[in-house]
Each structure stands twice: as C-alpha cells, then as structure tokens.
Amino acid sequence: MSGFRSFREVGSLGQELSAGHSAVVGRNGSGKSNLFEAIEFALLSPRFYSLRASERQKLLSDDAQVVSAFVEVVLSNGSRRVPVESDEVVVRRSIGLKKDEFFVNRKRVTKKEVEGLLEHAGFCCAAPYYIVQQGKVNALCGMRDAERLEVLKEVGGAGAYEARRAEALKQLESTEGDAGAVASAIASIEERLGELEGEKTELQAYDVLDRRFRALSYALHDARARRATAELEELQKEPDISAVWVSKQKAEERVAACGARLEEARRAKARLCERRAEADEAKAKLLTREARLGAELADLEGRVSRDRRCRGRLKRELRAATAAFEEARAEARSVSSRRRALLAAIGEEEAPREEGYRGGGKEEEEEARRRLEAHRAEAERLSEERRDLVSRRAEASTRARRARLEVEELEEEAGKARAARRHAIHGVRRLAPPAVAAGLGALDEILEAHPELSSECRGPLVCSLRLADDKYGAAVEAAAGAQLWHVVVDTDEAAAAIASELERKHGRLTFLPSNRLRPPAPAQILEDDVVALAPAALDEIDEEVRLAVSLVLGDKLLARDLEAATKHSARLRLDAVTLDGDEVSRSGAIRGGATRRSPLAAASRLRDAEAVLEEVTARLAALRDANHSEEALRVEAALADADARRAAARDAAREARRDVDRLAAARRALEARVLDPPQEPDDEPVVVADDRSAAEAELASLDDRAARLRAAMIRAAEFRDRLSARLLGGRSDEEEDNDDDDDDDDDDDDFAVAADERLQRTADIRTELGAVSRELEEVPATQQDDEEEAAVAAASRDLDEARAEETAVDDQIAAHSRRAEHAATRAAALAAERDENVRKMRLVGTLPASELEGIAHLSEDDLRARLDRCAEERGQFDHVNKKALDQYVAFADQRRRLVERNEDLDAAKAAVGSLVKDLDRRKDETVLDTFEIVKRHFADVFAHLEPDGSADLVLQLENNEPKGVAINVKFPDSPHAVPMASLSGGQKALVSLALIFAIQRADPAPFYLLDEVDAALDASHRARLAALVHHLADDTQIITTTFSRELVDVATAHFGISARNGLSSVEPISKQNALAFVCANETAAAAAAA
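Each residue of the sequence shown is one higher than the one before, counting from 2 in the working numbering.
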C-alpha cells in the first residue's frame, strides 16, 4: 500500500505472510486497525464500497505531499476459483481527490467487474464476516432476536430473494395499472365502433363516386402530361450547334495563332530595325573610315612614285660618284704600295701599323652593317605581324557584332522563359491552401534575403516528386494529401531560422527537417495486385529529399483496384490507394473522388519552365564568356604593342645606320692618314746616301700625287654622302633593284631604312581597306526590311480574316442562343406542366386497369366534362365521414391488439404472482437451512470454547413466520440454560465469538481477519480461542491482531506495527520479540491498574 491512512509506503508482505495463522502486535494507535481497513478498502467492504470526495480525502495520508493512495492485494488462484488464467490475481484500488480506480493484474477494470471476481472468490460483499473488527463482537452481544435473524438472512443470501421479490411486486403493480388502462380503452373503442357502423352505407356510395373521380383525374393529368412530353420532344429536335461551337473554337485558336504570329513579326521587325540602325551607323563609320584611308593611301602612293623617280636619278649620280671615288682610291692604293716599298728601307714599322688601323676599322664597320640588317629584318617581321593583327581586328569586330545580336535574341528568350516560370509558380501555388501559398511566397523573400539558407532549403515536397508515368499522379496526390505542401529542409536549425523569419510575415508552413526524420521501414509486399507506392510511381528521388519521401509515401500501397486496396490495407495495416486516386486507410475508411487540377502536373510544368530557363541562361552565359568585344580589344592592344616594337626596331635601324656612317667616316680619315703619313723621327737609322736621296725624290713626287688623290677622294665621298641623304626620303618596292652591283648595296640599305615607315603605312592602309570592304559586304541589305514588312502585313491580314470569321460565328451563336432561349423558356413551361401533372397523378395514386379502360381514349375536353359532372355528384356526399371505413378498420384492429395486450397482462400478473410465491418459499427454505447450519456449528464451536457448557439457537415463530433468533446458553456455574441478557460481559463476548465462527463455517471465506477479538476474554477462554484459531488455520489463512500471548504463541508468522511522527510501518518480527512485546504490555497494563 501507499499513502493510505497512517501508512505512507508499505512494500509487499506476501513472502512473510503465513498460509496459516499470522499475528500482528503493536501499541494502541500504531495503525493495526488501519492495516485491516486497507484490506477491506481493496476488497470492497460495504463501508468502503462508495466513497465521496471528502471520504477519499480522509483515507489519504496526513502528509501534505500525498495526493493519491493505493492498496494492492494479491490472491492465490492455483485452483482457478477466480475466472482469471493466472496463478495469482492482483487486485489494486487507487484513489485521489478526483478518482477511484480499480485494476486487476495491472489492467484497468470497473467496480462491478471487481465485485464479480470477489464473489467468485468467495467474498460476500453484502455481509463480510470474513473480517471481524473490534466493535463487531460487541455489536453481536447487544443484538435483539430480530436483528440476529436479519444477520442469518444476510448470511444465507435472503437479501437477494427479497430484492427480487420487491422488484416482482413493483412489476405486478405496474401490470395491474396497465390492465386497467387497457380495459378502459377497449370500452371506449367498442362505443366508437357502434357509431361507425351507421356511416358505412353512405361511405360505400361515396367511395364509388370517388373512385370514378380519381380515375377521370388520373386520365386527364396523364393526357396533359403526354401532350407536354410530345411538345418537349419536338423542341429537342432543334438543330445541334455543336459544329458551330467547334468552328468558334477553331476561329478562336486561329485568332490566337494569328495574333501570336503578328506579335512575333512585329518583334522581329523591331529587332531588324534596331539592327538596321546599328548597321547603318556602322556602315557610315566604315564609309568615313574608308574615305579617310583612301585619301591617305593616294597621298602615300604619290609620294612613293615621286620617291621612285628621284631615287633613279640619284642612284645614277651616286654610281658615277662612287666610280670616281673608287678610281681615286685604287690609284691611291697604288701610290701607297709604292710608298710603302720606298719606306721599307726607312722603317718596316709603318706597314704593320697601317694594316692594324685599316683592319680594325673594317671589322667594326662590318659588325655595324650586320646589326643594321638584323634590325631591318625585325622591322619587316613586325610589319607582317601588324598586318595580321589588323586583319584579326576586323574579324573580331564582325564576331562581336554578331555576338551582340545573338545575346539580344537569347535575352528575349530568357525573358519569355522567366515569364513562363513565374506563370508556372503561380499555377502551383494557386492549388495550395491560401495560408500555405502565402507562406511559400514569404519563403522566397526569406531565401533571397538570407542566401545562406538557400543551400539547406529544398522547397515544397510537391516540386521534388518526379512521376515514372502520369497515370500515377492521382495515386500519389491521394496518398500524400496535404503533406505535398510540406517544405523539406536539411536541418532543424534551418527550419527554425526560416520559421522565425516567417513569424514576421504572412502565411503558414510545415517543415520536414531531414536530420530529424525517422521514416518507417518499407513493407515487404509479396502480392500480385498490390505493390509499394513510392518505388512504382516515382522515377527519380533526390538524396536530399529521400527521407521526406519515405516518411510521406514509404508506408503507402498501390493497389490494382478498390477491392484489392480494401483487402490488403486491412491485412497489412497500411494505407492503400488506386490509380484513380481512391484511398483506403488502415482503419477501413474510404476516401476518393475526382479532382479538376493536379498539383503534381503543375509542379512538372514548373520544372520544365525552370529547365528551359536554365538552358537559355547557360547559353547566354557561354556567349557572354566568349566576349568577342574583349577579343577585339585584345587584338587592338596587340596591334599597339606591335607598332611600338616596330618603331623601336626602326629606331635601332637608324642608330645602326648612324654607326655605319660614323665608321665609314673613320675609315676615310684613316685612308687619308695612310696617304699623308707623319714625318720620320730624327733618331731613325741613316741609310746609304746615294740610295736615300733617290728614294726621297721619288717619295716627294708620290706625296704630291697622294695629296691630290686624297683631295679627290674627299670630294667624291662628300658628294656620295649628299646623294645618300637625299635617298633617305623615299623607297622603291620593285624587287629588281636588289640585283644591282655590290657597290650600290650600301646606298640601297640607306634608302630602305629611310623609306620603310612610308611603305609600311601604305601596306597597313591597304589591309584596313580590305577589312572595311569585308565589313561593308556583311551589312544586311534593305531587302530584309521589305520581307519583314510583308510578313507583318500578311499576319495582320490573316488576323483580320480570323477575327471576321470569329465574328460571323459569334453572330450564328447569338442567333441560335436567342432561339434556344425562347425554346428553353417554352421547354421549362412544358416541363413544369408535365411535372405538375405527374405529381397530381401520384397524388391520385395507383388505380386498377379496369377503371381506366373505358376512358383512356377520351380527349382532354371530354375528360374535363365528365370530371366536372362526377365532382358535382360527389359533392352531395360532402357531409359523409370519408374516413369512416378506415376508422372502423383501425379501431377494430386496435381493439384486437388491446384484447391481446389484456390477455398478456393477465398472464404476466399470474406469472409475477407465481414468482413472488416461489421467492417467498425459497427465501424461507434458505433462512431455515442457514439457521440449521449455523445452529449446528454454533453448538460445536461453543463446546470448543466452553467444554463444560452448552449453547443453542432457537428460532422464534409468529403465525408460522420467523420473527427472531434467540440464544440459550448454559455455563458450568449455572444449573440451566439462560438467555443472553442474563450473561456477563465476558460470557456475552464468548457467545458472540461462537456465533461469528459458526457463521464463518456456514459461509466459508478464503481467509479471515480478526481484530482483537479476545480482548474481553479471560486467560482460560483466550487459550481455548487460540487453540480453535490454530485448528482453523490448518485449512484457511487467518490474520489476527492481539495483546495476548495465547494467540501470539500459536501463530506461525509475526508482524510488528510501530508509529513514528504519525506514520505507521509494519515489519516481520520473531515470535520471541512478539511475546516480549505482549508480556511488556501486560506488565504495563497491570501496573497501570494497580
């Protein structure tokens, strides 16, 4: 138990309780009586059968924390006396301030069920003498004889007979009242039947006229209904205008198609106009550039022509000057050779020194010329590179212009794709509930404002489902239901963040966080007419939404038809759907019906629009990545770089030319020094006089000649230099000039370096002119404008024709609508007339065919005339009770039923009277049988308690009816038997105990609870009582509370109850401790009495 009275918590005592006699000891107020009351409480003792809230409050522990309590009793059920299939029956009663509950073997049951189980176990809830409290012995001592008889009646079960007898008497009283009412009703009905007998003759004549009137009415209404039906059939033969509506639909489609073509032609024309304007502007720029380049080219060609003429003249003069210079130089060389020979005698050192000067200068000059040639070759290569870059720039410009046109077309396609996507999104959300549609709109705004959430949000589930075939759409939509609009996210954190933002906006969404989903395991289906829905209906499932799809559709079945769905859904405990969208839940409910719009189809259209937009966007991005404009800019930059490098090469060539000139001047100076050597020093060796004088004379002659030659060489060199300077202003492109003599190569090189820039510019201008000409050829012709104008005009004419055709069809439909409206009005009137006559025919009712044979062929006028005459004749019987016959039949039938009811009531009264008599007899027999059994057991028990005495029960009768039970007792100290009133208190207690044990033997129970029943007995009688209890414990379980050592001594199990701070506790103790407690208590009681 827990929380009951003074016990806060008591564990199981089942192991310590003895199957025989268990004794419980404890001080007064420790809670011994509360232990017994707990058992009474659990076993529905009368004092605890029904408890109010205040009474339940008193049973709870005084601890403020206790708001409920329970007591649990475990009954052994090895013999299966209690109809429960277990060896133990656990009965538990739990109470609180607002509850009173019962449990059997941990299952909640009703009070009546517990009461029935206890009755089967042998506990008499009406008179529970298996529990003997302290006051029950004293109550039996003071009972009167009549009260003692009532106790025996309760023990024998006479109360059940008396309850049934009272119920039977109540039923008999009700039956007698019903019989009186029935008799009164029968008398009233017979009086009314006598009155109706006189009205039947007039009623029969009226009935004949009434049948004729009804037949005429039926025939008249039938004729009118047939006439209205015939006219309706004629109206329904109006020409069918379905063909006109088909023509209207075709006309509308043609108008829409022509309008689309016209709009497309206008857009194409607008695009062409824009491109034409751009082309005209580009053409104007190209023409201007072409004119400027042509003028510059003409100027350069003139200058080149002049350079050619001047160069020819100058080259001739240069060759003549060079020939004179070379002739003088050859003669100078001859003089120099002779002079060296003459000077050989004077000093050999002059020749090596001269050769050193001449050799070193010549090598440096040759190196300078090689550098000049290298720089010229580099300049030529860079010129070729520049011409290639100019051509590439023209091609890049053309590609850039074409790319711009393609970008414009793709941007227009992207605009159409975005519009289609917006329309598809609107179509999807239009099918969602209003709150969900608003939430999806707010979701787009949230994801746009928080890009970090976009990667974790997968959108509504309906947009992630791809059907393997369109035929599965209705099944998937029916299975998913409202869950189609749940939003799938990766984590619950993302769902919480979106929900937090959604609180500040409109709409409502439900989220499916993948990290929190635990879908059920897929069912193993081995049937032919049913399969798992998700694998069969869905084509591809993205990994990001796989858990959500498994949660929503994983436990759904797809059945072949409704019959298969119903069968397998009940067997597998799973929801099933059919291809038509009919759903059978596992509980057996069937849902279905047609739907006009499909969310999955709308979501498929949205995916298609997004795919088209993605494709167009990818193509646009790829075209923009190509970026031909940037390519043109890169070519321009490369061209500028090539120009810079070419200018640098030219500058290097000029510098090399100056080095060559400088070295040539140095060479000429050296040659002059050779021809005019310095004076010999004074310390040279002396030659032979006669040879020296002859040599010196010849040497002086040679010196004069060398001086003249030197002067001529200087003049020739200066003239040649002036010609070379003039040749620097022009250049010839003719290749035959390269075949000149080797002596002219130096002059040609000087001229090439000077004229290179002018000729290169001429070539560049020609290249640019070629590119400009190609671009002008690519500019679209104006002929396409005329074609687009013609296309617009043709589309406009087609649209006007289609609209005219649509107008004509509309006129036909309007005319037919007016005719149809008039016909519909007439048809409605005819249908109303027909329905009214049919309704009146139903009111007339069904008539025999014989009554309609003679009038079915008559016209409406004849029928109307006959009907009027019949109505006039029938009017003479207006005073007749038209329901007389029905009333007579009804009253006769009612009288018959009442007579039968009266007979039934008489039979019921007899049966109830017989039952009352039988109950009285059986009750008397039960009381007498119980009395005899208790009387026998009473004498036997008293003999055990008082071997030298005797006791007897005497049944008191009055008019042969039991009125009471008297007790006659003879003790050893009395000479004869005396009544209870003459006995002492201890003797009365002994007699009451004998009666209690006799009652227990007459109505045995599974166990007994005796609470201090030996308190009023002396030591000798307590010893006999202990012996009796010990004897009874051999066959049944007994629990006693006592302060005497006799009962403690014979007990086989002992328990001690103690109290501390108002809370009781019960513990098993040894026999010695129990006896010690009892002895101490007796000593304390004796000391208190002294």
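All C-beta atoms, glycine included, are put in the ideal place defined by N, C-alpha and C.
No experiment lies behind these values; they were computed from the predicted model shown.
DSSP state of I526 mapped onto helix, strand, coil: As a working mapping, residue 526 is identified with position 525 in the sequence shown. Of the three classes helix, strand and coil, the one that applies to I526 here is coil, per DSSP.
query: I think P521 touches G555, with their Cβ atoms under 8 Å apart; what is that distance to the nearest whole Å?
result: On the sequence shown, residue 521 is found 520 positions in, with the first residue counted as 1. On the sequence shown, residue 555 is found 554 positions in, with the first residue counted as 1. Going by Cβ atoms, the distance from P521 to G555 rounds to 6 Å, so yes, they are a contact pair.
- prompt: Quick one, are the C-beta atoms of S465 and D543 less than 8 Å apart?
  reply: Here residue 465 refers to the residue found at position 464 when the sequence shown is read from its first residue. Here residue 543 refers to the residue found at position 542 when the sequence shown is read from its first residue. The answer is yes: Cβ separation under 8 Å.
message: Just to check my reading of the structure: T618 and A415 have Cβ atoms closer than 8 Å, yes? What is that Cβ distance to the nearest angstrom?
response: If you number the sequence shown from 1, residue 618 lands on position 617. If you number the sequence shown from 1, residue 415 lands on position 414. Their Cβ separation, rounded to whole angstroms, is 6 Å, which keeps T618 and A415 in contact under 8 Å.
query: Excluding the five sequence neighbours on either side, which residues of its own chain have a C-beta within less than 6 Å of the C-beta of Y889, listed in chain order?
result: Here residue 889 corresponds to residue number 888 of the sequence shown, with the count starting at 1. Hits under 6 Å: L197.
task: Could you tell me if V1079 is buried or exposed, where buried requires 16 or more neighbouring beta carbons within 10 angstroms of its beta carbon?
output: In the sequence shown, residue 1079 corresponds to position 1078, counting from 1. It counts as buried.
query: Just how far apart, CA to CA, sit K568 and R431?
result: Indexing the sequence shown from 1 puts residue 568 at position 567. Indexing the sequence shown from 1 puts residue 431 at position 430. If I take the Cα positions, the gap works out to 36 Å.
task: Could you check how far apart the C-beta atoms of G460 and V488 are, in whole angstroms? I think they sit under 8 Å.
output: Here residue 460 is taken as the residue at index 459 of the sequence shown, counted from 1. Here residue 488 is taken as the residue at index 487 of the sequence shown, counted from 1. Contact flag correct, Cβ pair sits at about 7 Å.
message: What would DSSP say about Y1009, mapped onto helix, strand or coil?
response: By one-based count along the sequence shown, residue 1009 stands at place 1008. Y1009 falls in the strand class under three-state DSSP.
- prompt: Any idea which residues DSSP pairs F103 with across the strands?
  reply: Counted from its first residue, the sequence shown places residue 103 at position 102. R94, V110.
field: Residue from S95, A940, G27 with nearest C-alpha to N969
entry: For the purposes of this step, residue 969 is taken as the residue at position 968 of the sequence shown. In this structure, A940 is the residue among S95, A940, G27 with its C-alpha nearest to the C-alpha of N969.
task: Can you grab the Cα-Cα spacing for the pair A1081 / V90, in whole Å?
output: Taking the sequence shown and counting its residues from 1, one reaches residue 1081 at position 1080. Taking the sequence shown and counting its residues from 1, one reaches residue 90 at position 89. The alpha-carbon atoms of A1081 and V90 are separated by roughly 40 Å.
Pair within 8 Å by beta-carbon distance, D1004 and V156: Against the sequence shown, residue 1004 aligns to sequence position 1003. Against the sequence shown, residue 156 aligns to sequence position 155. Yes, these two residues count as a Cβ contact at 8 Å.
- request: Run through the segment 543-594 for me and flag every whole alpha helix (DSSP H) of 4 or more residues, listed as ranges in chain order.
  value: With a minimum length of 4 residues, the continuous alpha helix (DSSP H) runs that stay inside the segment 543-594 are 547-554, 563-573.
- request: Quick one: measure Cβ to Cβ for V942 and A995, integer angstroms, because I've assumed they're closer than 8 Å.
  value: Taking the sequence shown and counting its residues from 1, one reaches residue 942 at position 941. Taking the sequence shown and counting its residues from 1, one reaches residue 995 at position 994. Yes, they are in contact, since the Cβ atoms of V942 and A995 sit about 4 Å apart, within 8 Å.
- request: Run through the segment 984-1063 for me and flag every whole alpha helix (DSSP H) of 4 or more residues, listed as ranges in chain order.
  value: 986-1003, 1020-1033, 1046-1051
- prompt: So does the segment 68-86 actually touch the segment 102-122, counting three or more Cβ pairs closer than 8 Å?
  reply: yes
task: Write down the C-beta distance between R865 and D211 rounded to the nearest angstrom, noting that I regard them as a contact closer than 8 Å.
output: The count along the sequence shown starts at 1 and reaches residue 865 at position 864. The count along the sequence shown starts at 1 and reaches residue 211 at position 210. Rounded, the Cβ-Cβ distance is 18 Å, inconsistent with contact.
Euclidean distance between Cα positions of L1033 and K33: One-based indexing of the sequence shown puts residue 1033 at position 1032. One-based indexing of the sequence shown puts residue 33 at position 32. Cα to Cα, the separation comes out at about 22 Å.
field: 8 Å contact criterion, which R827 and A229 should meet: CB distance rounded
entry: Taking the sequence shown and counting its residues from 1, the one referred to as residue 827 is at position 826. Taking the sequence shown and counting its residues from 1, the one referred to as residue 229 is at position 228. Contact doesn't hold; Cβ gap of about 11 Å is too wide.
query: Are the beta-carbon atoms belonging to L614 and R419 less than 8 Å from one another?
result: The residue you call residue 614 lines up with position 613 of the sequence shown. The residue you call residue 419 lines up with position 418 of the sequence shown. Their beta carbons are under 8 Å apart, which means L614 touches R419 by this criterion.
- prompt: What is the DSSP secondary structure of D740, reduced to helix, strand or coil?
  reply: Against the sequence shown, residue 740 aligns to sequence position 739. With a pLDDT of 38 at D740, under the threshold of 50, the modelled position of that residue is not reliable, and the figure given next carries that caveat. Of the three classes helix, strand and coil, the one that applies to D740 here is helix, per DSSP.
- prompt: Taking Cβ positions, are S7 and A1060 nearer each other than 8 Å?
  reply: In the sequence shown, residue 7 corresponds to position 6, counting from 1. In the sequence shown, residue 1060 corresponds to position 1059, counting from 1. Contact flag set, yes.
message: In the DSSP output, what is H858 paired with across the bridge?
response: By 1-based counting over the sequence shown, the position of residue 858 is 857. According to DSSP, H858 bridges with nothing at all.
task: Specify the secondary structure class of F71 as computed by DSSP and reduced to three states.
output: On the sequence shown, position 70 is the one that residue 71 refers to. Annotated three-state conformation of F71 is strand, per DSSP.
Terminal residues of the alpha helix (DSSP H) in which K33 lies: The count along the sequence shown starts at 1 and reaches residue 33 at position 32. That run of the alpha helix (DSSP H) goes 33-43.
query: If you draw a straight line from the C-alpha of L583 to the C-alpha of A476, how long is it?
result: For the purposes of this step, residue 583 is identified with residue 582 of the sequence shown, where counting begins at 1. For the purposes of this step, residue 476 is identified with residue 475 of the sequence shown, where counting begins at 1. Sequence inspection shows Asp at residue 583; the Leu mentioned does not correspond to that position. For D583 and A476, the distance between alpha carbons rounds to 7 Å.
query: Given that a residue counts as buried once 16 or more other Cβ atoms are within 10 Å of its Cβ, and exposed if not, what is S1045?
result: Position 1044 of the sequence shown, counted from the first residue, corresponds to residue 1045. Classification for S1045: buried.
task: With DSSP as the reference, label R517 as helix, strand or coil.
output: The residue given as residue 517 occupies position 516 in the sequence shown. Three-state result, R517: helix.
- request: Would you grab the beta carbon distance between K557 and L534 for me? Rounded to a whole angstrom, and I think it's under 8 Å.
  value: Here residue 557 refers to the residue found at position 556 of the sequence shown. Here residue 534 refers to the residue found at position 533 of the sequence shown. Right, their Cβ atoms sit about 4 Å apart.
- prompt: Within 10 angstroms of its Cβ, does I447 collect 16 or more other Cβ (buried), or is it exposed?
  reply: Along the sequence shown, one-based indexing puts residue 447 at 446. Counting Cβ neighbours within 10 Å, I447 comes out buried, since at least 16 surround it.
message: Quick check on the burial criterion: 16 or more other C-beta atoms within 10 angstroms. Buried or exposed for R53?
response: In the sequence shown, counting from the first residue as 1, residue 53 sits at position 52. Exposed, because fewer than 16 other Cβ atoms sit within 10 Å of the Cβ of R53.
query: Looking only at C-alpha atoms, which of S51, L217, K137 sits nearest to A850?
result: The count along the sequence shown starts at 1 and reaches residue 850 at position 849. Checked all of S51, L217, K137; the closest Cα to A850 is L217.
query: Rounded C-beta distance between F892 and I190? I'm assuming under 8 Å.
result: As a working mapping, residue 892 is identified with position 891 in the sequence shown. As a working mapping, residue 190 is identified with position 189 in the sequence shown. Cβ atoms of F892 and I190 come within 8 Å of each other, at about 5 Å.
task: Using a Cβ-Cβ cut-off of 8 Å, state whether R382 counts as contacting chain B.
output: Given the protein chain composition of this structure (a single chain), no chain B is represented.
task: Check N960 in the structure and name its three-state DSSP category.
output: The residue given as residue 960 occupies position 959 in the sequence shown. Correct three-state label for N960: coil.
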